[in-house]
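Since the structure comes first, as structure tokens, the remarks are kept for the end.
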Amino acid sequence: AAGALEADELEVATVRSLAIGLLPEAIRHWRETHPGTLRLYEYAHRHELAEAVRAGIGDLGVGPVPLNWDGPIEPLGWQGSVLVLARGDPLAGSPGPVRLESLADRQWVLFEPHHGLLDLVLTACAHAGFEPRSAVETSQVEAAARLAAAGLGPALVPENAIPPGIDATVLMPDPPVGYELAAYAPAPFTPLVAEFLAVLRSQPLPSRPPNALVVR
């Protein structure tokens, strides 16, 4: 019995935003049929994640599609982002998506240097023609959403990482901005990894929206 449990252990490397967004529900379903340990390795940047997986950390990586990957890779879908603002923000009544250039004069809630989501925010704002000014910086996705909800400035965060019950205005950016997600490994997927991928695929992500800004 002990050997069976040991054989059922799975190690997943990922980025921090997915550790609180996409993966918790998948892990819950996984645990219903797999009593062994599942260990998460979390990284601040997609490139750190890819290098760790390439070096053999974890049985698989789950994150933005890595560049120039030679091993097996399984597309998972689109990870979009949303704008979080205070409940009473002047844009709270916007009937549709918001152009980021309308927030060019604001101070923003940003992520700390070398955080992968900072790249996403800077890329989206550069596409809109400006560089965001920082009101506060954080390393945590949930903290960014809560700081924005408190009125410290807009935050651009993954849509499935919004804290439940947050008292905030949540709007879609125009154009949509985000990245493609994938599961990948340096060697062929093991049967256990394939089973975990089946659980991930049972919670399908949306396809990339038309005219989306893809951060690579």
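Going by the working numbering, 177 is the number at position 177 of the sequence shown; the sequence numbering is gapless. For every residue, glycine included, the Cβ atom is placed at its ideal position computed from N, Cα and C.
Element boundaries [alpha helix (DSSP H), containing residue i]
i, result
"residue 67", "Per DSSP, residue 67 belongs to no alpha helix (DSSP H) and is neither H nor E."
"residue 175", "Element bounds for residue 175: n/a, residue is neither H nor E."
"residue 24", "23-33"
"residue 47", "46-54"
Cα-Cα separation, residue i to residue j
i, j, result
"residue 171", "residue 119", "20 Å"
"residue 128", "residue 216", "17 Å"
"residue 45", "residue 89", "30 Å"
"residue 49", "residue 63", "8 Å"
"residue 5", "residue 34", "Residue placement at residue 5 is poorly supported in this model, since its pLDDT is 45, which falls under 50; the coordinates still yield a value, given next. Roughly 8 Å separates the two Cα atoms."
"residue 158", "residue 79", "7 Å"
"residue 73", "residue 17", "20 Å"
"residue 38", "residue 211", "37 Å"
"residue 138", "residue 117", "11 Å"
"residue 195", "residue 107", "45 Å"
"residue 202", "residue 92", "34 Å"
"residue 57", "residue 105", "42 Å"
"residue 12", "residue 183", "10 Å"
"residue 146", "residue 168", "8 Å"
"residue 94", "residue 67", "37 Å"
"residue 2", "residue 14", "Confidence at residue 2 is low in this model, with a pLDDT of 43, below 50, so its placement is unreliable and no value can be given for it."
"residue 29", "residue 8", "15 Å"
"residue 130", "residue 99", "12 Å"
"residue 59", "residue 102", "43 Å"
"residue 175", "residue 124", "9 Å"
"residue 43", "residue 77", "20 Å"
"residue 162", "residue 69", "30 Å"
"residue 22", "residue 126", "27 Å"
"residue 85", "residue 154", "5 Å"
"residue 191", "residue 47", "26 Å"
"residue 141", "residue 188", "32 Å"
"residue 213", "residue 177", "5 Å"
"residue 156", "residue 181", "18 Å"
"residue 135", "residue 111", "11 Å"
"residue 113", "residue 133", "14 Å"
Residues that residue i bridges to, as DSSP identifies them
i, result
"residue 189", "Beta-bridge pairing links residue 189 to no other residue."
"residue 183", "62 and 74"
"residue 108", "134"
"residue 218", "The structure shown does not extend to residue 218, since the chain is modelled only from 1 to 216, so the question has no answer here."
"residue 169", "85"
For residue i, the three-state DSSP class (helix, strand or coil)
i, result
"residue 199", "helix"
"residue 80", "strand"
"residue 214", "strand"
"residue 38", "strand"
"residue 209", "coil"
"residue 1", "With a pLDDT of 38 at residue 1, under the threshold of 50, the modelled position of this residue cannot be trusted; read the value that follows with caution. Three-state DSSP puts residue 1 in coil, outside helix and strand."
Residue i, enclosing beta strand (DSSP E) - first and last residue
i, result
"residue 13", "10-15"
Proximity test, residue i beta-carbon vs the ligand COA heavy atom, cut-off 8 Å
i, result
"residue 210", "Looking for the ligand COA in the displayed structure turns up nothing, as the structure carries no ligands at all."
* To do: Output the residue ranges of the alpha helix (DSSP H) runs that lie fully inside the stretch 111-167 and measure 4 residues or longer, sorted by chain position.
  => 116-127 and 141-149
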